[in-house]
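Sequences listed follow chains A and B, in order.
Each residue of the first sequence is one higher than the last, beginning at 866 in my numbering.
Each residue of the second sequence is one higher than the last, beginning at 866 in my numbering.
All C-beta atoms, glycine included, are put in the ideal place defined by N, C-alpha and C.
Structure first, commentary second.
2 protein chains.
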Amino acid sequence: MEISEYFPVWDKLSTEQQNRLTGSAIRCRAKKGGIIHGGTEECLGLLLICSGQLRAYICSEEGREITLYRLFERDICLLSASCMMNGIQFPFSVEAEKETDFWLIPPDIYRRTMEESVSLSNYTNQIMAERFSEVMWLMEQTMWKSFDRRLAEFLLEESALEENSTLVITHEKIANHMGTAREVVTRMLKYFQNEGLVTLSRGKIVITDLIKLVQYSEK
Amino acid sequence: MEISEYFPVWDKLSTEQQNRLTGSAIRCRAKKGGIIHGGTEECLGLLLICSGQLRAYICSEEGREITLYRLFERDICLLSASCMMNGIQFPFSVEAEKETDFWLIPPDIYRRTMEESVSLSNYTNQIMAERFSEVMWLMEQTMWKSFDRRLAEFLLEESALEENSTLVITHEKIANHMGTAREVVTRMLKYFQNEGLVTLSRGKIVITDLIKLVQYSEK
């Protein structure tokens, strides 16, 4: 497996840029459960995922965690190269949820290439905007509005009422019950699904991890 | 006042790009207290501040506000052009804290120029990274760790003990008292200063808005 097959906008880079990336990227493997980036402000480099699954999260002082997002094959983790862009500086961690193969690209190499290539720069912009948006939404909903807790409570109550771990209910209906927009419900349910709490299918929500869902409802 | 004097990396743009920006940017003025961007997901365009002061903030459903950041002369507000980058989508508001002159740059024009110019693209990356980092830090500290509330409490207690609204204490000392890092204290005190709660000078903190500080401590 070559980096050329995984790196975004590879075809739009010059041969020199391609050689520079190939020559400097380090192939790494993280075991399941391994912590790749540790919450301090070290500047490890960019992670380009080849296979496996990573989870970026933040920790409170009491050790509670919030998952920011997950990274899969071909995803790039920018935040682990905080020094690359003068701005990014906040403590967060990256953990391998499955055995993960990735390339570690030195921050100075990526930065130099980005400063030369408008394609790479715009690509980087795009993924940063997506993460920014994702993380802002999540933090607003979870930390401020406690929508995760409220939704977990709602699902547990419904399940108790129906005496069934499978709920036959639309996202629209939940939104009406909770006085919010359908999009907000759908997005949080997807977050729950990624966290392993529920499984979603058309018109149905199956509670798959009751204990964890109860923990969410008691946050 | 010409846009050429305010627009970042102007000298690195081609004449065609410069003309495109000059020809499409709209000069606007917002009165003090005016809401420029309203929390919905409209895509207004980029704001390039000529003079004045803007405040970007989010609102909870109960109407509480958190200031995300302020924008001054020559600053660019990217978030008001959410459609420009497919990713950015979260509700926030922008208010003029002083009478503010700004250029409104249509999102498609900015995007096109950014896709052509590596200088503009990298500049955009840089400011997005800075805002991302700033906002993440703030949300972690305020929403999760309630460090704003705890610091407000600490300042009020100190002030009551000393019977004085001027506290002679270093940030280092506060950090030790509160079991955190000096940088965290300094950054939050600066946020308080921007919010008008305190005035900072070497080795001193003057409480300038007691009522608002009490409100913070009771959040």
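- Scanning the stretch 1007-1080 of chain B from its first residue to its last, the whole beta strand (DSSP E) runs of 3-plus residues come out as 1031-1033, 1063-1066 and 1069-1072.
- Taking CB atoms only, Met1043 of chain B has no neighbour in chain A less than 8 Å away.
- Of all residues in the stretch 961-989 of chain B, those with a C-beta nearer than 8 Å to a C-beta of chain A are Met979, Glu980, Glu981, Ser982, Val983, Ser986, Asn987 and Thr989, reading in chain order.
- Burial is judged here by how many other beta carbons sit within 10 angstroms of a residue's own beta carbon; Thr965 of chain A has at least 16 and is buried.
- A residue is called buried when at least 16 other Cβ atoms come within 10 angstroms of its Cβ; Gln1080 of chain B does not meet this threshold and is exposed.
- In this structure, the CA atom of Gly898 of chain A is about 28 Å from the CA atom of Ser1011 of chain A.
- Rounded to the nearest whole angstrom, the CA to CA distance from Asn987 of chain A to Glu980 of chain B is 6 Å.
- With fewer than 16 neighbouring CB atoms inside 10 Å of its own CB, Glu927 of chain B falls in the exposed class.
- In this model, Phe1019 of chain B and Arg976 of chain A are separated by some 42 Å (Cα to Cα).
- For Arg920 of chain B, the enclosing beta strand (DSSP E) begins and ends at Leu919 to Cys924.
- In the structure shown, Glu995 of chain B falls within a helical segment according to DSSP collapsed to helix, strand and coil.
- Taking 8 Å as the CB threshold, Ile891 of chain A stays off the interface with chain B.
- Contact between Asp876 of chain A and Ile914 of chain A does not hold, since the beta-carbon distance rounds to 20 Å and is not under 8 Å.
- If the five residues before and after Asp1074 of chain A are omitted, its C-beta is found closer than 6 Å to the C-beta atoms of Gly1061 and Leu1062, all from its own chain and listed in chain order.
- For the 8 Å CB-CB criterion, Ser1082 of chain A and Leu1021 of chain A form a contact.
- A distance of 8 Å or more separates the beta carbons of Glu881 of chain B and Arg920 of chain B.
- Interface annotation, Met1053 of chain B: not in contact with chain A, CB-CB separation never under 8 Å.
- The beta carbons of Trp1009 of chain A and Met993 of chain B sit no closer together than 8 Å.
- For Val959 of chain B, there are no C-beta contacts with chain A under 9 Å, since the nearest C-beta of that chain is about 15 Å from it.
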